[in-house]
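In the UniProt record's numbering, the protein residues as written are 1 to 249.
Every residue, glycine too, gets a C-beta built ideally from N, C-alpha and C.
Quick caveat: nothing in here was measured; it's all calculated off a predicted structure.
One structure is given here, and the rest of the page talks about it.
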Ligand SMILES: Nc1ncnc2c1ncn2[C@@H]1O[C@H](COP(=O)(O)OP(=O)(O)OP(=O)(O)O)[C@@H](O)[C@H]1O
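Written as structure tokens, this is what we have:
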């Protein structure tokens, strides 16, 4: 089973250190981990560091991977400038690192990713003409079609309507279990974190301030200290944890 552990991971842009000695316990395939923290805390920077786009101190330890490139990364902003159809864009993502000889299996994976994310009907559309939410679902399809063992998602639901937010998070939860994939998602919606993730890690000004089971990490105290909001967490009528924000501190 794939595992990911951060050991005193640091990262800088030029001389400015952004991440400082971030260490975590070992996360495992099948888990969904929320990466939390206020704006500019360093969440995207941590993803770039894990993905290998940024170098820095410390170690990103990945063990038990079946493939040479086990990590896929869905960045936050996905401007689409190339003249490609949605289908072609997902196929191109699929072929990254696999050469250009497209097999039937690759096409089947593209179909499945588009189907799973509910955008199969957009296959022929030019990626330049998609709405923000459609583009976000396309990015998720481009990441999933690579069959990653570790999937890093930077605010994957930020442009989606409520129904699609729940839909995407439900699919990710299921895929993590079915494929024993480790998913790490940066989220600003702490209610979603409570509902859909097993573990949570919180960055503040580039430092990890807490990490553990989400229901032990996301507490009124954390919301007050880190996010400066007063909030309660209560079970909804279905017994699921619900975050009720009362206001700014
Ligand atoms: N390419 C870059 N060059 C220089 N500084 C950068 C660069 N990218 C990000 N930063 C800075 O690094 C810090 C962390 O940014 P990062 O995008 O990692 O935060 P974040 O937690 O993802 O924020 P948000 O929730 O607002 O998306 C910020 O102060 C940001 O201005």
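- Bounds of any alpha helix (DSSP H) do not take in residue 213; it lies within the beta strand (DSSP E) bounded by 207-213.
- Following the DSSP letters along the chain, one finds residue 241 inside the beta strand (DSSP E) bounded by residues 241-248.
- With respect to residue 196, residue 162 sits apart: the two C-beta atoms are not nearer than 8 Å.
- Within the chosen limit of 7 Å, ligand 1 does not reach the beta carbon of residue 140 with any heavy atom.
- Take residue 211, set aside five residues on each side of it, and the residues of its chain with a beta-carbon closer than 6 Å to its own are 24 and 201, in chain order.
- Rounded to the nearest angstrom, the gap between the Cα atoms of residue 133 and residue 58 is 36 Å.
- Contact between the stretch 87-107 and the stretch 38-58 is not established, with fewer than three Cβ pairs separated by less than 8 Å.
- Between the C-alpha atoms of residue 145 and residue 52 there is a straight-line separation of about 20 Å.
- Here residue 180 really is in contact with residue 29; their C-beta atoms are around 4 Å apart, less than 8 Å.
- In the DSSP annotation of this structure, the continuous segment of the beta strand (DSSP E) that includes residue 235 starts and ends at 229-235.
- In this structure, DSSP gives residue 17 an extended state, which the three-state scheme calls strand.
- CA-to-CA, the gap between residue 76 and residue 43 works out to about 10 Å.
- With a 10 Å radius around the Cβ and a threshold of 16 neighbouring Cβ atoms, residue 13 comes out exposed.
- Here residue 150 is bridged, per DSSP, to 71 and 182.
- For residue 238, the secondary structure class from DSSP, reduced to helix, strand or coil, is coil.
- Between residue 37 and residue 203, the CB-CB gap stays under 8 Å.
- Here residue 206 is buried: its Cβ has 16 or more other Cβ atoms, across all protein chains shown, within 10 Å.
- Annotation: residue 242 to residue 227 spans about 17 Å, alpha carbon to alpha carbon.
- When the beta-carbon positions are compared, residue 194 and residue 221 stay at least 8 Å from each other.
- Rounded to whole angstroms, the Cβ separation of residue 2 and residue 56 is 22 Å, and the two are not in contact under 8 Å.
- Straight through space, the alpha carbons of residue 150 and residue 31 are spaced by roughly 10 Å.
- The beta carbons of residue 229 and residue 223 sit closer together than 8 Å.
- Cβ contact annotation for residue 17 (same chain, cutoff 6 Å, sequence separation greater than five): none.
- Within 10 angstroms of the beta-carbon of residue 213 lie fewer than 16 other beta-carbons, which makes it exposed.
- For residue 21, the closest alpha carbon among the candidates 90, 6 and 89 is that of 6.
- Take the alpha-carbon of residue 11 and the one of residue 156: they are about 23 Å apart.
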